[in-house]
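Trainee:
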Amino acid sequence: DVKVTQSSRYLVKRTGEKVFLECVQDMDHENMFWYRQDPGLGLRLIYFSYDVKMKEKGDIPEGYSVSREKKERFSLILESASTNQTSMYLCASRAGAVLSRNSYEQYFGPGTRLTVT
Amino acid sequence: AQKITQTQPGMFVQEKEAVTLDCTYDTSDPSYGLFWYKQPSSGEMIFLIYQGSYDQQNATEGRYSLNFQKARKSANLVISASQLGDSAMYFCAMRLYVSSGSARQLTFGSGTQLTVLP
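Going down the list, the sequences are from chains A and B.
The numbers in the working numbering rise by one with no breaks, and the one at position 105 of the first sequence is 105.
Here the working numbering runs 1000 ahead of the position in the second sequence, where the first position is 1.
#1: Grab the span of the beta strand (DSSP E) containing Glu69 (chain A) for me, first residue to last.
#2: Is the distance from the Cβ of Arg14 (chain A) to the Cβ of Arg113 (chain A) below 8 angstroms?
#3: Give a yes or no on whether the minimum CB-CB distance between Gly1085 (chain B) and chain A is below 8 angstroms.
#4: For Gln37 (chain A), which beta-bridge partners are listed by DSSP?
#5: Cβ atoms of Met32 (chain A) and Ser87 (chain A): under 8 angstroms apart, would you say?
#6: Looking only at its chain, what residues have a beta carbon closer than 7 angstroms to the beta carbon of Gly90 (chain A), apart from the 5 residues adjacent to it on each side?
#7: Should Thr1007 (chain B) go down as buried or exposed, given a rule of 16 or more other Cβ atoms within 10 Å for buried?
#8: Between Gln85 (chain A) and chain B, is the shortest Cβ-Cβ distance under 8 angstroms, so that the two count as touching?
#9: Straight-line CA distance for Leu99 (chain A) to Val24 (chain A)?
#10: Counting only C-beta atoms, is Asp51 (chain A) closer than 8 angstroms to chain B at any point?
#11: Taking its Cβ as the centre, do 16 or more other Cβ atoms sit within 10 Å of Val1116 (chain B), making it buried, or is it exposed?
#12: Return the bridge partner residues of Ala1093 (chain B) from the DSSP annotation.
#13: Chain A beta carbons: is any one of them nearer than 8 angstroms to that of Ser1110 (chain B)?
#14: Here's a check: name, in chain order, each residue in its chain whose Cβ is nearer than 7 angstroms to the Cβ of Gly1130 (chain B), leaving out the five neighbours to either side.
#15: Strictly under 8 angstroms for the Cβ-Cβ distance: is Glu79 (chain A) near chain B by that measure?
#16: When the distance is taken between beta carbons, is Met1045 (chain B) closer than 8 angstroms to Gln1051 (chain B)?
#17: Does the segment 1060-1073 of chain B touch the segment 1017-1032 of chain B, meaning 3 or more C-beta pairs lie closer than 8 angstroms?
#18: Could you please give the first and the last residue of the uninterrupted beta strand (DSSP E) stretch that includes Lys1003 (chain B)?
#19: In this structure, how does DSSP classify Asp26 (chain A) when only helix, strand and coil are distinguished?
#20: Is there a Cβ from chain B that is less than 8 angstroms from the Cβ of Leu99 (chain A)?
#21: Does any C-beta atom of chain A lie closer than 8 angstroms to the C-beta of Met1094 (chain B)?
#22: Can you round the beta-carbon distance between Ile1079 (chain B) and Glu1061 (chain B) to whole angstroms, since I take them to be within the 8 angstroms contact cut?
#23: Using a Cβ-Cβ cut-off of 8 angstroms, state whether Gln25 (chain A) counts as contacting chain B.
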């Protein structure tokens, strides 16, 4: 059974704190993603990684950084948390390019609801 | 940049009836994929159905079908015989099959909250 896990379901942090959100997948997927989900805005891509140590900016990277030291783990870092980063954060993974319909499916973790006070 | 529009923030349907959730998209690229995901109140995103831009037939997966109208740039999700467990948020998403950049990744619409009434 495919599995994407996130380190916390709920997190409360103070403004200015450094925050680490961890994501682990056990499917040997090449691609991993971090999204934030806000009401009325859907999911927006923050960063993604297509290989170890490789990363690309998504649509809203400002205020975030990422780290991928191992294939199975992708971390999202908030260097100095702000109240406008209060949101639901979703991690996802996907296999690399394969000539199969199922290869296009992204598997999501359960999400981390972050509150910055 | 590609864009996904879901114009129905909320929908209600009677149990056992069919319901259509609207999705329109905007891209000038010829090669793309369209996806629908379901998000129950638990928060997990569940993949439902996929349609490639070059697929000749509309995709179907059990009670889910995708009404793909390429000329209109629409990819509506049809759920037949609604069940109470279908109550959830539904997201339409698109991915361009281009060589690089964030456009290769899923772009999501704002979602439609479906409520199935007993």
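Cβ atoms here follow ideal geometry from the backbone N, Cα and C, with glycine treated the same way.
Mentor: Taking the structure as given:
#1: Locating residue 69 (chain A) in the first sequence gives position 69, where the first residue counts as 1. Glu69 (chain A) -> beta strand (DSSP E) spans Tyr64 to Lys70.
#2: On the first sequence, position 14 is the one that residue 14 (chain A) refers to. On the first sequence, position 113 is the one that residue 113 (chain A) refers to. Taking 8 angstroms as the Cβ cut-off, Arg14 (chain A) and Arg113 (chain A) do not qualify as a contacting pair.
#3: As a first step, residue 1085 (chain B) is located in the second sequence; it is residue number 85 there, counting from the start. Taking Cβ atoms only, chain A never reaches closer than 8 angstroms to Gly1085 (chain B), which makes this a no.
#4: Residue 37 (chain A) sits at position 37 when you count from the first residue of the first sequence. The partner list for Gln37 (chain A) (beta bridge, DSSP) reads A:Leu43 and A:Met88.
#5: Sequence index remark: in the first sequence, residue 87 (chain A) carries index 87 (1-based). Sequence index remark: in the first sequence, residue 32 (chain A) carries index 32 (1-based). No, they are not a contact pair.
#6: The sequence position of residue 90 (chain A) within the first sequence is 90, counting from 1. Here residue 90 (chain A) is Leu; the residue named in the question, Gly, does not match the sequence. Excluding sequence neighbours, Leu90 (chain A) sits near Tyr35, Gln37, Leu43, Phe108, Gly109 and Gly111.
#7: On the second sequence, residue 1007 (chain B) is found 7 positions in, with the first residue counted as 1. Under this definition Thr1007 (chain B) is an exposed residue.
#8: Taking the first sequence and counting its residues from 1, one reaches residue 85 (chain A) at position 85. So, not an interface residue.
#9: Counted from its first residue, the first sequence places residue 99 (chain A) at position 99. Counted from its first residue, the first sequence places residue 24 (chain A) at position 24. Bear in mind that the predicted position of Leu99 (chain A) carries a pLDDT of just 34, short of 50, making it unreliable; the figure below should be weighed with that in mind. Taking the straight line from one Cα to the other gives about 25 angstroms.
#10: As a working note, residue 51 (chain A) is residue 51 in the first sequence. No, Asp51 (chain A) lies away from the interface with chain B (no Cβ there is under 8 angstroms from its Cβ).
#11: The count along the second sequence starts at 1 and reaches residue 1116 (chain B) at position 116. Classification of Val1116 (chain B): buried, given that the 10 Å Cβ count is 16 or more.
#12: Along the second sequence, one-based indexing puts residue 1093 (chain B) at 93. Beta-bridge pairing links Ala1093 (chain B) to B:Phe1035 and B:Phe1108.
#13: As a working note, residue 1110 (chain B) is residue 110 in the second sequence. Yes, because at least one Cβ of chain A sits closer than 8 angstroms to the Cβ of Ser1110 (chain B).
#14: Residue numbering for chain B in the displayed model covers 1001 to 1118; residue 1130 (chain B) lies beyond these limits and cannot be assessed.
#15: For the purposes of this step, residue 79 (chain A) is taken as residue 79 along the first sequence, with counting starting at 1. Chain B, which has no Cβ nearer than 8 angstroms to the Cβ of Glu79 (chain A), makes this no.
#16: To locate residue 1051 (chain B), count along the second sequence from 1; it is residue 51. To locate residue 1045 (chain B), count along the second sequence from 1; it is residue 45. Cβ atoms of Gln1051 (chain B) and Met1045 (chain B): not closer than 8 angstroms.
#17: yes
#18: In the second sequence, counting from the first residue as 1, residue 1003 (chain B) sits at position 3. Start and end: Lys1003 to Thr1005.
#19: To locate residue 26 (chain A), count along the first sequence from 1; it is residue 26. Here Asp26 (chain A) sits in coil by DSSP.
#20: Taking the first residue of the first sequence as 1, we reach residue 99 (chain A) at position 99. Low confidence applies to Leu99 (chain A): its pLDDT is 34, below 50, so where it sits in the model is not reliable, and the reading given next is rough at best. Chain B contact via Cβ: absent.
#21: On the second sequence, residue 1094 (chain B) is found 94 positions in, with the first residue counted as 1. With 8 angstroms as the cut-off, Met1094 (chain B) does not count as an interface residue toward chain A.
#22: For this step, residue 1079 (chain B) is matched to residue 79 along the second sequence. For this step, residue 1061 (chain B) is matched to residue 61 along the second sequence. No, Ile1079 (chain B) and Glu1061 (chain B) are not in contact; Cβ-Cβ is about 11 angstroms, not under 8 angstroms.
#23: Position 25 of the first sequence, counting from 1, holds the residue named residue 25 (chain A). No, Gln25 (chain A) does not count as interfacial toward chain B.
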